[in-house]
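Per numbering that gives the first Met the number 0, residue 0 is the first one in the sequence shown, and the count goes up by one each step.
For glycine and all other residues, C-beta sits at the position ideal for the given N, C-alpha and C.
No experiment lies behind these values; they were computed from the predicted model shown.
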Amino acid sequence: MVELKEGERLDELQRNGYKIIQNEKLFCFGMDAVLLSGFAQVRTGEKVLDLGTGTGIIPILLEAKTEGEHFTGLEISKISSDMARRSVILNGLEHRVKIVQGDIKEAGNLFAPASFDVITSNPPYMTGKHGLVNPDLEKAAARHELLCTLEDVVRAAGKLVRTGGRFYMVHRPFRLAEIIRTLSEHHLEPKRIRMVYPYVDREPNMVLIEAVRGGKPRVTVEKPLIVYEKPGVYTQEILDVYGY
């Protein structure tokens with residue numbers, strides 16, 4: 000039996016009966032992580048690495064949704080990686096999911112080059128110039144580029160994904176030009192882009208991106224993903240992603 004520590008709670012994931020340990024005083028996963036797990040394509044037998052895994056939400060969801068062989072989550076925070084490891088044990092996934100505590104900037108030394116078929120990341124969206132920085136380091140590091148930058152994440156992905164392998168990321172549309180430029184610099188060719196809109200008549204607030212290591216130049220912009228039909232009512236596609 001996995002014990003919960005002070006301030007922690009168990010949240011249902013609506014997949015295979017899985018649950019995840021979170022602490023509301025720290026950073027809890029959001030819709031962006033769930034949408035990334037629905038956008039990422041993992042094929043039978045593939046090995047997956049999630050960079051900046053937090054409490055392990057993306058590896059656990061991908062294990063539930065796909066036929067991948069093994070899933071690894073890399074997380075710098077001792078507190079978050081501990082919660083992630085206990086969630087893995089709670090769900091009986093020790094043989095399929097591994098949590099590694101470490102720095103994305105050192106990922107090239109932690110794993111062998113080109114050793115993953117798929118890499119995912121839900122990185123901090125904001126630079127120090129964007130918005131107010133939370134005084135709590137755990138929360139601030141999840142939103143602002145305090146411990147790693149977009150460049151750090153993409154560099155790690157470029158080193159660790161095999162040629163022909165895929166990198167999936169969720170980010171903010173206002174940084175899309177920078178994202179595409181950075182991907183190209185690390186030989187990751189954007190192949191699929193999908194904008195996420197809170198409502199059909201609003202501007203997008205998220206972008207989902209697939210890039211292929213060593214891929215040829217050709218990108219598909221997929222149909223928009225709309226979150227809400229009206230306030231408080233998810234679209235059917237969002238309900239399907241969540242497993243409701």
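Item                                                                                                                                                                 : Value
Flag this pair as yes or no: are the beta carbons of residue 52 and residue 23 separated by less than 7 Å?                                                           : no
Taking the Cβ atom as the reference point for each residue, do residue 117 and residue 41 lie within a distance shorter than 7 Å?                                    : yes
Checking 7 Å against the spacing of the C-beta atoms, do residue 39 and residue 241 come in under that value?                                                        : no
Contact defined as beta carbons within less than 8 Å: I believe residue 59 pairs with residue 12. What is the distance between those atoms, to the nearest angstrom? : 7 Å
How is the beta strand (DSSP E) around residue 262 delimited, first residue to last?                                                                                 : In the structure displayed, the chain extends from 0 to 243; residue 262 sits before or after that span and is not available.
Taking just the CA atoms, how far does residue 31 sit from residue 113?                                                                                              : 26 Å
So does the stretch 171 to 179 actually touch the stretch 204 to 211, counting three or more Cβ pairs closer than 8 Å?                                               : yes
Report the CB separation of residue 236 from residue 191 in whole angstroms; it is logged as a contact under 8 Å.                                                    : Incorrect: roughly 16 Å between the Cβ atoms, too far for contact.
Less than 7 Å separating the beta-carbons of residue 43 and residue 21?                                                                                              : no
What number of angstroms, rounded off, separates the C-alpha of residue 157 from the C-alpha of residue 183?                                                         : 10 Å
When you compare only the Cα positions, how much space is there between residue 83 and residue 228?                                                                  : 33 Å
For residue 120, which three-state DSSP category applies?                                                                                                            : strand
For residue 88, which residues of its own chain have a beta-carbon under 6 Å away from its beta-carbon, when the five flanking residues on both sides are left out?  : 1
Using the Cβ count rule (16 or more neighbours within 10 Å means buried), how would you classify residue 119?                                                        : buried
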